[in-house]
Amino acid sequence: MNEITELLSEMSDIAQNPDMRLAACLAEGRKAVGVFPYYVPEEIAYAAGFVPFGIWGMQGSVREAGRYFPAFYCTVARMGLELALSGKIDKLSAVIMPSVCDTLRPFSQNFKSARPDIPMVFLAHPQNRKEDFGIAYTVCEYRRVKAELEGIAGVKITDESLADAICVYNENRAARREFVRLAGLYPSTVSALRRAEVLKSAYFMDKSEHTRLLLRINAALCALPHDPQPGVKVVTSGIIADNANLLDIFDRYGITVAADDVAHESRSFRVDTPIKSGDPLTALARQFSEQSDDPLLYEPDLDRRGRRLVDLVLNCGARGVIFIMMQFCDPEELDYPNIKKTLDRASVPSVMIGYDQQMRDFGQAGTSLEAFSDMLRTRLQ
Ligand code: SF4
Numbered sequence: 089m090n091e092i093t094e095l096l097s098e099m100s101d102i103a104q105n106p107d108m109r110l111a112a113c114l115a116e117g118r119k120a121v122g123v124f125p126y127y128v129p130e131e132i133a134y135a136a137g138f139v140p141f142g143i144w145g146m147q148g149s150v151r152e153a154g155r156y157f158p159a160f161y162c163t164v165a166r167m168g169l170e171l172a173l174s175g176k177i178d179k180l181s182a183v184i185m186p187s188v189c190d191t192l193r194p195f196s197q198n199f200k201s202a203r204p205d206i207p208m209v210f211l212a213h214p215q216n217r218k219e220d221f222g223i224a225y226t227v228c229e230y231r232r233v234k235a236e237l238e239g240i241a242g243v244k245i246t247d248e249s250l251a252d253a254i255c256v257y258n259e260n261r262a263a264r265r266e267f268v269r270l271a272g273l274y275p276s277t278v279s280a281l282r283r284a285e286v287l288k289s290a291y292f293m294d295k296s297e298h299t300r301l302l303l304r305i306n307a308a309l310c311a312l313p314h315d316p317q318p319g320v321k322v323v324t325s326g327i328i329a330d331n332a333n334l335l336d337i338f339d340r341y342g343i344t345v346a347a348d349d350v351a352h353e354s355r356s357f358r359v360d361t362p363i364k365s366g367d368p369l370t371a372l373a374r375q376f377s378e379q380s381d382d383p384l385l386y387e388p389d390l391d392r393r394g395r396r397l398v399d400l401v402l403n404c405g406a407r408g409v410i411f412i413m414m415q416f417c418d419p420e421e422l423d424y425p426n427i428k429k430t431l432d433r434a435s436v437p438s439v440m441i442g443y444d445q446q447m448r449d450f451g452q453a454g455t456s457l458e459a460f461s462d463m464l465r466t467r468l469q
């Protein structure tokens with residue numbers, strides 16, 4: 089048990105202190121590139137020798153970024169710019185900025201205007217990602233990203249280094265998926281907060297190092313006897329769910345995250361790159377083409393994501409779904425009514441909690457989650 093406690097604590101420290109992690113990485117002679125959400129092929133940056141650093145905003149207040157964004161923009165964008173304006177990402181060699189939603193497109197331009205001194209690699213994914221022409225477009229974009237990163241790093245990214253990076257990332261995705269499964273089985277050992285921190289720490293570590301620690305945690309969890317207090321299992325859904333005060337409520341009311349459909353968590357590692365596709369850039373484009381059930385991606389079947397959530401609930405033995413709804417996130421808000429209908433049709437209870445990264449008071453969320461967990465327990469009896 090001590091080994092797990094120590095490893096979880098180590099990853100918690102990393103998740104809570106990305107600044108220190110970045111400083112340590114630079115002190116080792118590595119260079120880092122900032123990666124904004126979503127679907128950035130980090131493998132390309134990794135193959136250039138960079139440590140990709142995830143930038144998903146931060147907890148706190150929006151101050152300087154208010155000069156660029158009105159208050160009705162999501163805090164993922166506003167806090168991301170706040171980080172840039174506060175000097176916290178000054179040591180990055182560059183940032184990669186995708187544009188998969190209507191907020192990220194203007195964000196990229198605001199970033200360029202706010203921090204012209206930090207090189208920004210823009211990335212446009214196609215909406216029609218599955219067809220051959222969509223894959224060809226993605227390859228074209230990835231080739232440009234590769235060329236820009238080569239220029240910034242001053243190195244040539246070879247097919248071999250890219251293939252190696254893809255293997256490192258596939259191994260890490262597999263380890264994270266296994267950790268998610270095990271965390272749902274051992275909530276007394278892996279609290280909701282620790283679970284989120286372990287997953288978050290991946291954004292600030294060389295993925296091979298993260299995999300090494302995670303494999304030790306997974307092995308130690310596998311060796312444990314059954315958890316005597318499995319809690320009431322749920323599936324979480326949303327953009328990001330890393331707030332300690334919110335997750336403390338889960339632990340307080342015995343709510344176990346058995347699986348998730350959270351962009352910051354499982355949505356980012358559920359699809360591996362088919363390395364056997366030959367050309368590594370084409371393999372990465374195929375990996376993007378195989379992503380689905382995400383409000384950020386074009387999907388003509390409006391019930392699909394809801395059905396996936398129902399399947400997730402059934403497969404992991406969960407009793408309900410908790411939506412953590414990022415305020416002012418149009419894609420999530422537009423998706424919600426259809427998902428809710430699909431869950432209701434399948435008799436899967438759900439609750440929605442409003443969230444943004446400036447929130448400090450979770451009193452209302454606590455009341456909702458207490459009532460929801462009581463209701464799920466009553467249904468179990
Ligand atoms: S998907 Fe939603 S939370 Fe993410 S950047 Fe776009 S609007 Fe913001």
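Each residue of the sequence shown is one higher than the one before, starting from 89 at the first, in the working numbering. For glycine and all other residues, C-beta sits at the position ideal for the given N, C-alpha and C. On a predicted model such as this, the values are computed, not experimentally measured, just so you know.
Could you compute how far the alpha carbon of residue i sits from the alpha carbon of residue j?
i	j	result
residue 205	residue 113	21 Å
residue 362	residue 337	39 Å
residue 423	residue 410	15 Å
residue 165	residue 145	7 Å
residue 391	residue 382	12 Å
residue 376	residue 125	14 Å
residue 431	residue 156	38 Å
residue 262	residue 233	26 Å
residue 110	residue 122	10 Å
residue 385	residue 170	26 Å
residue 280	residue 162	24 Å
residue 175	residue 463	46 Å
residue 450	residue 370	44 Å
residue 100	residue 327	20 Å
residue 306	residue 154	42 Å
residue 320	residue 358	24 Å
residue 182	residue 312	43 Å
residue 193	residue 405	39 Å
residue 152	residue 179	19 Å
residue 216	residue 341	42 Å
residue 333	residue 304	28 Å
residue 379	residue 403	20 Å
According to DSSP, is residue i helix, strand or coil?
i	result
residue 428	helix
residue 384	coil
residue 85	Summary: the structure shown does not reach residue 85, with the chain confined to residues 89 through 469, and so no result is reported for it.
residue 99	helix
residue 438	strand
residue 343	strand
residue 499	In the structure as shown, the chain starts at 89 and stops at 469, and residue 499 therefore has no counterpart that could be examined.
residue 409	strand
residue 256	helix
residue 278	coil
residue 204	coil
residue 179	coil
residue 366	coil
residue 198	helix
residue 128	coil
residue 167	helix
residue 299	helix
residue 419	helix
residue 361	coil
residue 161	coil
residue 46	Lying before the first or after the last residue shown, residue 46 is absent from the chain, which here runs from 89 to 469.
residue 390	coil
residue 399	helix
residue 232	helix
Residue i and residue j look like a contact to me (Cβ under 8 Å); what is the Cβ gap, rounded to whole Å?
i	j	result
residue 40	residue 186	With the chain running from 89 to 469 in the structure shown, residue 40 is simply not present.
residue 268	residue 347	7 Å
residue 456	residue 441	6 Å
residue 275	residue 330	No, residue 275 and residue 330 are not in contact; Cβ-Cβ is about 17 Å, not under 8 Å.
residue 490	residue 308	Look at the range of the chain in this structure, 89 to 469, and you will see that residue 490 is not part of it.
residue 211	residue 229	6 Å
residue 349	residue 397	6 Å
residue 407	residue 322	7 Å
residue 102	residue 289	4 Å
In the DSSP output, which residue or residues are listed as bridge partners for residue i?
i	result
residue 268	Looking at the DSSP assignment, residue 268 forms no beta bridge with any residue, so it has no partner.
residue 443	414
residue 463	According to DSSP, residue 463 bridges with nothing at all.
residue 211	186
residue 356	Note: residue 356 sits in no beta bridge, so no partner.
residue 149	According to DSSP, residue 149 bridges with nothing at all.
residue 140	121
residue 349	325
residue 320	343
Below 8 Å, how does it come out for the region 104 to 123 and the region 289 to 302: are there three or more Cβ pairs, yes or no? yes
Do the region 236 to 251 and the region 126 to 137 make contact, defined as three or more Cβ pairs closer than 8 Å? yes
So, do the region 360 to 380 and the region 284 to 291 have three or more beta carbon pairs nearer to each other than 8 Å? no
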